[in-house]
Amino acid sequence: MKNLNDAAKDSRVRAWTVTRKQPEGGFAEQPLPSQRQITESGGDDFVEQLKAEGYEVEPLVFEDSSGVVWKLEGQPPPARIRIVYEESDVKKTNPLIAKRVHKSSSHELEILQYLHAKPSPSPYIIALDNHFAAGTMKCLIFPKLNPIYEESLLHGKVKQPCQSLVKGVAYLHANRVAHLDLKLDNILYDAAGQLKIIDFDIAVRVKDEEQEIEGYCGTPGWTAPEIGPKRKYSAIKADRWACGRILQMFLKYEPTSGFSTLARELMVNNPRERPSLVEWRDLQVDPRGAKDVGLAGTSRDRRKNIDDCNVQAPLAKKAKIAQAS
Numbered sequence: 022m023k024n025l026n027d028a029a030k031d032s033r034v035r036a037w038t039v040t041r042k043q044p045e046g047g048f049a050e051q052p053l054p055s056q057r058q059i060t061e062s063g064g065d066d067f068v069e070q071l072k073a074e075g076y077e078v079e080p081l082v083f084e085d086s087s088g089v090v091w092k093l094e095g096q097p098p099p100a101r102i103r104i105v106y107e108e109s110d111v112k113k114t115n116p117l118i119a120k121r122v123h124k125s126s127s128h129e130l131e132i133l134q135y136l137h138a139k140p141s142p143s144p145y146i147i148a149l150d151n152h153f154a155a156g157t158m159k160c161l162i163f164p165k166l167n168p169i170y171e172e173s174l175l176h177g178k179v180k181q182p183c184q185s186l187v188k189g190v191a192y193l194h195a196n197r198v199a200h201l202d203l204k205l206d207n208i209l210y211d212a213a214g215q216l217k218i219i220d221f222d223i224a225v226r227v228k229d230e231e232q233e234i235e236g237y238c239g240t241p242g243w244t245a246p247e248i249g250p251k252r253k254y255s256a257i258k259a260d261r262w263a264c265g266r267i268l269q270m271f272l273k274y275e276p277t278s279g280f281s282t283l284a285r286e287l288m289v290n291n292p293r294e295r296p297s298l299v300e301w302r303d304l305q306v307d308p309r310g311a312k313d314v315g316l317a318g319t320s321r322d323r324r325k326n327i328d329d330c331n332v333q334a335p336l337a338k339k340a341k342i343a344q345a346s
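Okay, so the sequence shown: first residue is 22 according to our numbering, each after it adds one.
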């Protein structure tokens, strides 16, 4: 049996708390008890809707035969998000996330369908596994993803998540979509170790980067300084600031000059001075180190930073060098 430290590192294991009353005469040695599910309060109709669609819902609370109560902690409200399995997944090897949203207030389904209908959809944007209507609500089914751990940002690994984040946000902006809630909690990894941007609840489609929206959107601590109640601002440029904030968090473990420079430029107070992530993504590195393009109307020599960022994927970069030689 795994010890608690080993178990805590297992991505399939979440935080559980245990409560148990001391019986008269103290605790006696017992074999490993079986568990039964306790009826959960809240979200019962959601559970029934999921079952009707062929999903088995992971319970939040268990009581074993010895009276120990186990409760899953740190989870979103059970009426909104649950971990589920398809009924055909008998061994429960493929956990999924079921998310219930209001039809009237969330455009997540429409935006994800729009993004993934493109000829070359980005691998860094979460994809829907399924969706269905549930009265005045919609239920979206996603693959279950994993948080980014500190270990994945050390030992020379930090460039890949930085690069993937920039490419993912650039893809949104190139398709005139602003996420508006970019933060660490919404940047996850799939089972193959690929970064995914999630949670498009408050995302919007815009005509261009100059189009402004009004009102507070996002999470405190992750919003650009110009965002506030009754204030107008560019959704795309606000996204750039939040992207810079995430890069800054990634790079505190292992800074690199190229992405550190980009993070600083993205987080300047003046929205008009924040560089375009689309242009940054599209930078082409000349094998002889002679080519550079400007960002946000600037033209300056940043070859060292570009090389440090390794803007192109390794295989593409090797192919380009081989072709040039």
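All C-beta atoms, glycine included, are put in the ideal place defined by N, C-alpha and C.
Between which two residues does the beta strand (DSSP E) containing residue i stretch?
i      : result
Ile162 : 158-164
Tyr254 : 253-255
Lys217 : 216-218
Val122 : 117-123
Ala212 : Unbroken run through Ala212: none, as it is neither H nor E.
Ala9   : The question about residue 9 has no answer, for the chain in this structure spans 22 to 346.
Arg302 : No beta strand (DSSP E) holds Arg302; the alpha helix (DSSP H) holding it covers 298-302.
Tyr76  : 76-78
Tyr145 : Per DSSP, Tyr145 belongs to no beta strand (DSSP E) and is neither H nor E.
Val105 : 102-107
Ile234 : 233-235
Can you give the Cα-Cα distance for residue i and residue j, rounded to whole angstroms?
i      : j      : result
Ser297 : Ser281 : 16 angstroms
Arg226 : Arg197 : 6 angstroms
Glu74  : Gln232 : 40 angstroms
Gly189 : Glu84  : 43 angstroms
Pro246 : Asn290 : 7 angstroms
Lys217 : Leu81  : 26 angstroms
Asp322 : Gln181 : Because Asp322 carries a pLDDT of 38, less than 50, the predicted location of this residue cannot be relied on, and no value is offered for it.
Asp229 : Glu235 : 15 angstroms
Cys183 : Val68  : 37 angstroms
His152 : Ser125 : 16 angstroms
Lys113 : Pro140 : 33 angstroms
Asp313 : Lys159 : Confidence is the limiting factor: at Asp313 the pLDDT is only 30, short of 50, which leaves the residue's position unreliable and the question unanswerable from this model.
Asp211 : Val299 : 24 angstroms
Val89  : Ala155 : 35 angstroms
Gly265 : Ser86  : 51 angstroms
Ala195 : Tyr274 : 30 angstroms
Tyr237 : Phe221 : 16 angstroms
Leu287 : Pro276 : 16 angstroms
Leu283 : Gln269 : 9 angstroms
Trp91  : Ala100 : 19 angstroms
Glu131 : Pro164 : 18 angstroms
So is residue i buried or exposed if we call it buried at 16+ other beta carbons inside 10 Å?
i      : result
Tyr127 : The amino acid occupying residue 127 in the given sequence is Ser; Tyr does not appear at that position. Ser127 should be labelled buried.
Val179 : buried
Thr157 : exposed
Tyr192 : buried
Val111 : exposed
Tyr254 : buried
Asp303 : exposed
Gln134 : exposed
Asp65  : exposed
Ser278 : exposed
Gly249 : exposed
Ser185 : buried
His176 : exposed
Give the C-beta separation of residue i and residue j to the nearest angstrom, bearing in mind that I take them to be a contact with Cβ-Cβ under 8 angstroms.
i      : j      : result
Ile353 : Lys204 : Not covered by the structure: residue 353. The range shown for the chain is 22 to 346.
Ile219 : Asn207 : 5 angstroms
Lys120 : Ile146 : Their Cβ separation, rounded to whole angstroms, is 15 angstroms, which puts Lys120 and Ile146 out of contact at 8 angstroms.
Arg295 : Lys258 : 6 angstroms
Leu71  : Val105 : 6 angstroms
Leu166 : Phe271 : In fact, because the Cβ distance is near 17 angstroms, the residues do not count as touching under 8 angstroms.
Pro144 : Gln215 : 6 angstroms
How far does the alpha helix (DSSP H) with residue i in it reach, from first residue to last?
i      : result
Arg285 : 278-287
His137 : 129-137
Tyr192 : 180-195
Glu69  : 65-73
Do residue j and residue i count as a contact pair if the criterion is CB distance below 9 angstroms?
i      : j      : result
Arg261 : Pro292 : yes
Pro116 : Glu79  : yes
Ala138 : Ala199 : no
Thr244 : Ala213 : no
Glu108 : Glu129 : no
Leu201 : Gly239 : yes
Leu209 : Ile162 : no
Val187 : Trp301 : yes
With a threshold of 8 angstroms (Cβ to nearest heavy atom), would residue i be considered close to the ligand MN?
i      : result
Phe153 : You won't find the ligand MN in this model; it holds no ligand whatsoever.
Indicate whether at least one CB of chain B lies closer than 9 angstroms to the CB of residue i.
i      : result
Ile208 : Chain labels in this structure do not include chain B; a single protein chain is all it has.
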